[in-house]
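Every letter in the sequence shown is one number past the one before it in the working numbering, and letter 186, counting from 1, is 196. Here is the structure we will look at.
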Amino acid sequence: MKKLKRKEYEQRLKPLHCELAAMAHWVRETGQRLVVLFEGRDTAGKGGTIDAIRAHINPRQCRVVALPKPGERERTQWYFQRYVPHLPAAGEIALFDRSWYNRAGVEQVMGYADEAQVALFLKQAPVFEQMLVEDGILLFKYWLCCDQAKQEERFAERLENPLKRWKLSPVDVRARERYEDYTRARDAMLRATHTPWAPWTLVDFNDQKRGRLTLIRDLLSRLPDTALPPVEIGLPPLDGKPRKERYRVLKPIPSVE
């Protein structure tokens, strides 16, 4: 399958943005709670996909959850505890850029969690997610797939591009040699946590543009009909001519020539 060109990608994305905006309106008006988890290889495209989904949604309604490594106090808590405060209330959407599945991925592979901790997580995660779903949360879990050759290409791009350099961390560099370890960890995670109430969906992200379209289309297709009548908002005529902005205290800085 040939790589998707930007122009075609943008043409395909535009109607999906309209559907996503309608979906957000539906979530707000019906009081739904929507959670979407984005997991996958480093460089797979989690951040870009999240940006594409939330581009035209009110940021007060749609929040991105990307937690740093746990602090000293958090390491003594129940593992899922630090994620619970970030779950959505009625009418809200939470997009997790990595999630509680860190324990089954990077924490396990890089030695930040021992075998007993990982085993307990794999036992508790389906129970935790069943509680969320039974309470009415709409939960979707996506794994973004990426071949190692493509991953290496993207790592090199991050190293060379000053606008993307921040995405490359020492942990990423050390993890490059653990591709197969991540594969084994992912497969064990899928076997333990792919459940009828919270199934995993794998999406090919070797072509990131095509992957974004595929994931967004799948997410929208799994929701009920979200079409609702638009809120009627009138714009009555102004009282008189439009006024110019006036500056009585401070003036704007000079505009760029």
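Cβ atoms here follow ideal geometry from the backbone N, Cα and C, with glycine treated the same way. Fair warning: this is a prediction, and the values are worked out from it, not measured in the lab.
With 16 other Cβ atoms within 10 Å as the buried cut-off, status of residue i
i, result
"Met-33", "buried"
"His-35", "buried"
"Met-11", "exposed"
"Trp-110", "buried"
"Asn-112", "buried"
"Ile-63", "buried"
"Thr-86", "exposed"
"Met-141", "exposed"
"Tyr-89", "buried"
"Gly-115", "buried"
"Gln-42", "buried"
"Thr-193", "exposed"
"Ala-126", "exposed"
"Ala-195", "buried"
"Lys-261", "exposed"
"Lys-56", "buried"
"Lys-219", "buried"
"Ala-159", "exposed"
"Val-128", "buried"
"Gly-50", "buried"
"Gln-161", "buried"
"Glu-18", "exposed"
"Gly-250", "exposed"
Span of the beta strand (DSSP E), counted from its first residue to its last, around residue i
i, result
"Val-75", "72-75"
"Leu-44", "43-50"
"Thr-211", "210-214"
Contacting residues, own chain, Cβ-Cβ under 7 Å from residue i (five flanking each side not counted)
i, result
"Leu-225", "Thr-59, Tyr-152 and Val-213"
"Arg-164", "Thr-53"
"Val-183", "none"
Other residues of its chain near residue i: CB distance less than 8 Å, five sequence neighbours each side excluded
i, result
"Arg-227", "Leu-26"
"Glu-167", "Lys-174"
"Gln-71", "Ala-34, Val-37, Arg-38, Gly-101, Glu-102 and Ile-103"
"Arg-253", "none"
"Arg-73", "His-96, Pro-98, Glu-102, Ile-103, Ala-104 and Leu-105"
Distance between beta carbons of residue j and residue i, contact taken as under 8 Å
i, j, result
"Ala-99", "Val-75", "14 Å between Cβ atoms; not a contact."
"Glu-39", "Leu-238", "6 Å"
"Leu-273", "Phe-48", "In this structure the chain extends from 11 to 267, so residue 273 is not present and cannot be described."
"Trp-207", "Val-143", "5 Å"
"Leu-30", "His-66", "7 Å"
"Asp-191", "Val-119", "5 Å"
"Phe-150", "Val-46", "5 Å"
"Arg-92", "Pro-80", "6 Å"
"Thr-203", "Ala-123", "Rounded, the Cβ-Cβ distance is 15 Å, inconsistent with contact."
Residue span of the alpha helix (DSSP H) that contains residue i, given as start and end
i, result
"Val-259", "No alpha helix (DSSP H) holds Val-259; DSSP gives it neither H nor E."
"His-35", "16-40"
"Lys-56", "56-64"
"Thr-193", "189-203"
"Arg-186", "First-last for Arg-186: undefined, no H or E at that position."
Beta-carbon proximity list for residue i, same chain, < 6 Å, skipping 5 on both sides
i, result
"Leu-230", "Glu-29"
Sequence ranges, beta strand (DSSP E) only - wholly within the stretch 229-256, length at least 3: Taking only runs of at least 3 residues, no beta strand (DSSP E) segment lies wholly in the stretch 229-256.
3-residue-minimum beta strand (DSSP E) runs that sit fully inside the stretch 90-176, ordered along the chain: 102-107 and 148-155
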